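What follows is a short report on a single structure.
2 protein chains.
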Amino acid sequence: MRLSKFVGERTKDAPSDAMMKNHILLLRAGYMKQVANGIYSLTALGQKACLNIENIIREEMNACEGQEVKFPVVMPKELWDMSGRYSSIGSEMVRFTDRTNRPMLLGMTHEEAAVHLAKNWVNSYTQLPCMIYQIQTKFRDEPRSRGGLIRVREFTMKDAYSFHVTQEDLEDYYDVMFKAYERIYKRIGLKNVVSVKSDNGMFGGTASHEFMYLNPMGEDELVICPHCDYRANQEVAQCKYKNLPQEDMLPLEEVFTGEAKDIAEVSKFLKMPPEKCMKAVVFAIKGEQGSVVCFIRGDREINETKLRKLCKKEVVPYDATSDPDFCAGNIGPLNLKAKDAKIFFDQSLKGLTNLSTGANKKEYHFVNFNIERDYGTVEYYDISKVKAGDPCPNCGGELHVSNGIEIGNIFQLGTKYTSSMGMFVKTKDEREINPIMGCYGIGVGRNLACVIEENSDEKGICMPLSIAPYKVHIVPLRLDDEKVASISSKLYHDLQSKKIEVLIDDRDVMPGVKFNDADLIGMPLRVLISPRSLSNNQIEIKLRKTGEVIMVDAQDGLNKILDIIQNNKEI
Amino acid sequence: MRLSKFVGERTKDAPSDAMMKNHILLLRAGYMKQVANGIYSLTALGQKACLNIENIIREEMNACEGQEVKFPVVMPKELWDMSGRYSSIGSEMVRFTDRTNRPMLLGMTHEEAAVHLAKNWVNSYTQLPCMIYQIQTKFRDEPRSRGGLIRVREFTMKDAYSFHVTQEDLEDYYDVMFKAYERIYKRIGLKNVVSVKSDNGMFGGTASHEFMYLNPMGEDELVICPHCDYRANQEVAQCKYKNLPQEDMLPLEEVFTGEAKDIAEVSKFLKMPPEKCMKAVVFAIKGEQGSVVCFIRGDREINETKLRKLCKKEVVPYDATSDPDFCAGNIGPLNLKAKDAKIFFDQSLKGLTNLSTGANKKEYHFVNFNIERDYGTVEYYDISKVKAGDPCPNCGGELHVSNGIEIGNIFQLGTKYTSSMGMFVKTKDEREINPIMGCYGIGVGRNLACVIEENSDEKGICMPLSIAPYKVHIVPLRLDDEKVASISSKLYHDLQSKKIEVLIDDRDVMPGVKFNDADLIGMPLRVLISPRSLSNNQIEIKLRKTGEVIMVDAQDGLNKILDIIQNNKEI
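Going down the list, the protein sequences come from chains A and B. Just so we're aligned: 450 in the numbering used here is position 450 of the first sequence, and the numbers increase by one with no gaps anywhere. With positions in the second sequence counted from 1, the corresponding number in the numbering used here is that position plus 1000.
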């Protein structure tokens, strides 16, 4: 491509709401333009990088005997009624009626479509295992799009679906896909990736893993044991506690605590560490009456995902300040006014003695509260988030908590979709069973965003060779110099005829502008062709990532470039 | 791919509503499955064929210096309000509101998005001409989907947009794209393609061409001169008439014609040829009061596209039977009751003498009607369809009328979008102008459908090598024979390592089933490996299209196949 014709601009600044590196650089380097909230157009730079990522994914899926198919973006309601997800998924799914008033939807995921395709056609164990996948546009009406291509409403995704006779067969294939995902991240240039156990969410099923790109701006919290291989999303990470020393139980006392309401204030007022305070957190249940009150050790936070699973309800945080059923800031289990509230105790409280807790009375707390003695026998549940330093549930070592961006996920789905949609296969011994499914997703744009988070410097993007939209960026200085012009043009066309994607800066602008733009858009090889170097019959090849400069005779330029591209996959 | 794992079935019969060859064969051979009216899932066979077509289109667009970009499928109303098309396009465009109640739409075409991307970024003549294109899913809520992949609601399309300083520059580039389209059709295996002048429809602009695949089931009528290069869509084809002999004017007479109403009946009753009868056709104007009455020679039909352009209104056929303003079956210009009707005379009537026409009175017509003498001076317009045998407007030779399927279109758009959306570029002499645009579309699935219309026989599909999802189909007979199994498996893996897409029929079924399936799905090379041929150390290569059989020594199979693929592009 001739840069003079490129539809896309390089700018010094990015919009002030762009906080993440990928967002700033994708806009500044002209890889994309915003069309609406969470909706972007990609320029040739952005789209070619995405196509390169897609091709790497495609190769790895084909290597797993995946069959590339295409499901529709627009699907009829009936298809999603079969799994029950038409009604169970909320407003993130776009629904509309077509010209004949039939309700339709935009696919956010394609389990139903995959079963629809395979059903009746795949009906014998001899056809299994099999896997179908697509690479396609999806729309998810996210309430909060953010972070450039990290969280958008419209995106391109590879989603794959496998079918199996037995759970063992699924698990074997799941491992195959796991390894394919690891190869994909490596090939596109992402190193800081970990896999963690995760929540199955709206997909249902038995087990799942997320691949996480470690990044402090990531929305997910990851619990990682540096001592063993325990890794989990905070949503599902298991809590263990070091035993706190037991004390002799002291008599329960109601004490004045005045304006002290949250744990920090109460702890300070009572001169007790937060670990000795019992915290109350109130939740409402979406679409239902009544509330859920959780008690947890003062230094810990409720894990809403765990709570939801425990209640089997969609619970949401509830502000009890003006609710007469609660004495907000002074809530405790004893004398709680809200008679119909469901009460849960977190296991962090188990065995603790002489706690402080709200007295359900304005300006008063109890101290020396002992749950069993003062309230009764209760069950303890794991509804807490893991904190850094907690013991690993596997080896007991101290856990780390890091932030991450989900860049892929793999699910063991069980028979949720095949049974609800009536897909059957005949086993070797002639039984009719619902095949067991796996599903495997990876977002193209979000992976590009993470590649840029990892591969950039203060000057701009450092595109990995494997996904660079153009491998070579020719920068001729003084195109009015006949020799510069002819050697630049020959190299440009020679590279094209070798099927190497190449960019040439044919603009009539100052050298500094050309250099800055080349650094900003970040193609892996920059070739400088100037009257000065040509006076020694040389051209300069510079590697964007390392800054290494290689001078070669002009006539050897093509071969040297081909050699670098062939033999240095990681430049 | 191993056929045993293929998600897709071969069947003897197709649904009874499948009338066209591509529809029947795509379903019978398991290339696709219907999800809803006009919405299909593509299997690996269908999708890989489409991807191959996409890659050919991509190569040809890149050869025209096209920049591959990606516009959103979902766009905000505001973007389409700028061009006025949000309101001017009807219910074929899907509209919905997002979770924040903002009106959104599904893109059927992307002129607005193209201008949005280029605007502000492309602002100098030095950046022009430039072209951006995408290959993407579109949704058009067609009232009547039909013909397999010929007319569907969801489809993949390449759409390209070019920007120019002058009309001359656009015309030069338009020619470049014209030739690229011709190369695309040739490469994907379509021969019966003609280009015709066409109507610009909802796109606006100055000139346009459609590429038409000639097929009797096509919905478009094409006017083609076999004597010169005149070719036009019926919608815009110009009418010329041979002069009819003039007669002396006879006195106007009102005659009883009884129940005779349509031209055939009146002509028969009056014993006058239809060429001497004047026909009236009534139209309503969408969303407005009043009607349009057209008079035309009795043997001809009104061309609604021409009429719409003439009226600059959305006219639709009107049944005047029970409208008291009209005496349906007896309508004529003289004494017409509908006083507010707009009246148009087609030029087929010019110079005709002694016509019959309705008397606007039940059971009566006029004969010996002479327009100028009996009604007054009128203007004549070209609002007629061309009939086979009409003189060519270019050379006067006799025209043919054929049916065709539109498989691509190219438009000269003018400044409709750049001016309405406020895109400006600076010319060399520092003037600010709206750049002139071209746009260029080609549907992937519809082209696949036409390839199958053209490349099939009574046994099934004959996939052209260039777009075949798999180039080679290995058919081992008796996989329990160790030699058959090992040679088949080696060839399968050797071809894969040479990056040749290959299918192997590893099923335990009768030879006849394997042969029939291979013929039906139609990969260009079938390789038969059987104990019988291996007893002579040979394998059989059969070309699907010609039936030619080539026997080679087993160890030479790979090289022979590679040789055929390299050197026989048109097998």
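The beta-carbon is built from N, C-alpha and C at its ideal position, and this holds for glycine as well. Here the structure is a predicted model, which is why all the values come from computation and not from measurement.
First through last residue of the beta strand (DSSP E) which encompasses residue i
i                 : result
Cys1130 (chain B) : Cys1130 to Phe1139
Arg526 (chain A)  : Leu525 to Ile529
Asn360 (chain A)  : Leu355 to Lys361
Whether residue i touches residue j by CB criterion (9 angstroms)
i                 : j                 : result
Gly329 (chain A)  : Phe369 (chain A)  : no
Gln1134 (chain B) : Phe1071 (chain B) : yes
Glu288 (chain A)  : Lys306 (chain A)  : no
Ser1593 (chain B) : Lys1276 (chain B) : This structure does not reach residue 1593 (chain B), given that chain B is present from 1001 up to 1571, and the question cannot be answered.
Ala232 (chain A)  : Cys439 (chain A)  : no
Arg532 (chain A)  : Cys462 (chain A)  : no
His1209 (chain B) : Lys1191 (chain B) : no
Val122 (chain A)  : Ile433 (chain A)  : no
Gln1034 (chain B) : Leu1025 (chain B) : no
Arg1300 (chain B) : Ser1384 (chain B) : yes
Lys1473 (chain B) : Leu1448 (chain B) : Checking the displayed sequence, the identity of residue 1473 (chain B) turns out to be His instead of Lys. No; because the gap between Cβ atoms is not below 9 angstroms, this pair is not in contact.
Ile410 (chain A)  : Asp346 (chain A)  : no
Ala29 (chain A)   : Gly522 (chain A)  : yes
Chain B contact for residue i (CB, 9 angstroms cutoff)
i                : result
Gly80 (chain A)  : The sequence as given places Trp at residue 80 (chain A); Gly does not occur at that position. Not closer than 9 angstroms to any Cβ of chain B, the Cβ of Trp80 (chain A) fails to qualify, so no.
Pro511 (chain A) : no
Lys48 (chain A)  : yes
Phe211 (chain A) : no
Ile39 (chain A)  : yes
Gln246 (chain A) : no
Ala284 (chain A) : no
Gly30 (chain A)  : yes
Ala468 (chain A) : no
Ala118 (chain A) : yes
Asp508 (chain A) : yes
Leu477 (chain A) : no
Simplified DSSP state of residue i, which is helix, strand or coil
i                 : result
Lys268 (chain A)  : helix
His1400 (chain B) : strand
Ile53 (chain A)   : helix
Ala1237 (chain B) : coil
Met1212 (chain B) : strand
His1110 (chain B) : coil
Ile1263 (chain B) : helix
Glu254 (chain A)  : strand
Val115 (chain A)  : helix
Tyr1161 (chain B) : strand
Enclosing alpha helix (DSSP H) for residue i [first to last residue]
i                 : result
Lys1197 (chain B) : Element bounds for Lys1197 (chain B): not the alpha helix (DSSP H) but the beta strand (DSSP E), Val1193 to Lys1197.
Val1227 (chain B) : Checking the sequence, you will find His at residue 1227 (chain B) rather than Val. No alpha helix (DSSP H) contains His1227 (chain B), which DSSP labels as neither H nor E.
Phe1178 (chain B) : Gln1167 to Ile1188
Cys1491 (chain B) : The sequence as given places Leu at residue 1491 (chain B); Cys does not occur at that position. Residues Glu1482 to Ser1497.
Met1082 (chain B) : Lys1077 to Ser1083
Glu219 (chain A)  : That residue, Glu219 (chain A), is in no alpha helix (DSSP H); it is neither H nor E in DSSP.
Cys311 (chain A)  : Glu304 to Cys311
Chain A contact for residue i (CB, 9 angstroms cutoff)
i                 : result
Glu1154 (chain B) : yes
Arg1002 (chain B) : yes
Val1122 (chain B) : yes
Arg1102 (chain B) : yes
Leu1051 (chain B) : yes
Note down, in chain order, all residues in the stretch 86-100 of chain A with a beta-carbon under 7 angstroms from any beta-carbon belonging to chain B.
Listed by position, the residues of the stretch 86-100 of chain A near chain B (Cβ gap below 7 angstroms) are Ser91, Val94, Phe96, Asp98 and Arg99.
Taking a Cβ distance cut-off of 8 angstroms, strictly less, list which residues of the stretch 1006-1023 of chain B are near chain A, in chain order.
From the stretch 1006-1023 of chain B, only Phe1006, Val1007, Gly1008 and Glu1009 have a Cβ closer than 8 angstroms to chain A.
In the stretch 65-78 of chain A, which residues sit with their C-beta less than 7 angstroms from some C-beta in chain B, listed in chain order?
Along the stretch 65-78 of chain A, the positions whose C-beta sits under 7 angstroms from a C-beta of chain B are Glu65, Gln67, Glu68, Val69, Lys70, Phe71, Pro72, Val73, Val74, Met75 and Pro76, read in chain order.
Residues in the stretch 1132-1155 of chain B with C-beta within 8 angstroms of chain A's C-beta atoms, listed in sequence order?
So the list reads Ile1132, Gln1134, Gln1136, Thr1137, Phe1139, Asp1141, Pro1143, Arg1153 and Glu1154, given in the order they occur along the chain.
With 7 angstroms as the limit, tell me which residues of the stretch 104-116 of chain A have their beta carbon closer than that to any beta carbon of chain B; keep them in chain order.
Here the close residues are Ala113 and His116.
Which residues, in chain order, does the stretch 1423-1446 of chain B contribute to contact with chain A at a C-beta distance below 9 angstroms?
The stretch 1423-1446 of chain B vs chain A, Cβ under 9 angstroms: nothing.
Would you list, in chain order, the members of the stretch 1555-1568 of chain B that have their beta-carbon closer than 8 angstroms to a beta-carbon of chain A?
Residues of the stretch 1555-1568 of chain B whose Cβ lies closer than 8 angstroms to any Cβ of chain A: none.
Quick one, which residues of the stretch 1511-1528 of chain B are near chain A if we go by CB-CB under 8 angstroms, in chain order?
None of the residues of the stretch 1511-1528 of chain B has a beta carbon lying less than 8 angstroms from any beta carbon of chain A.
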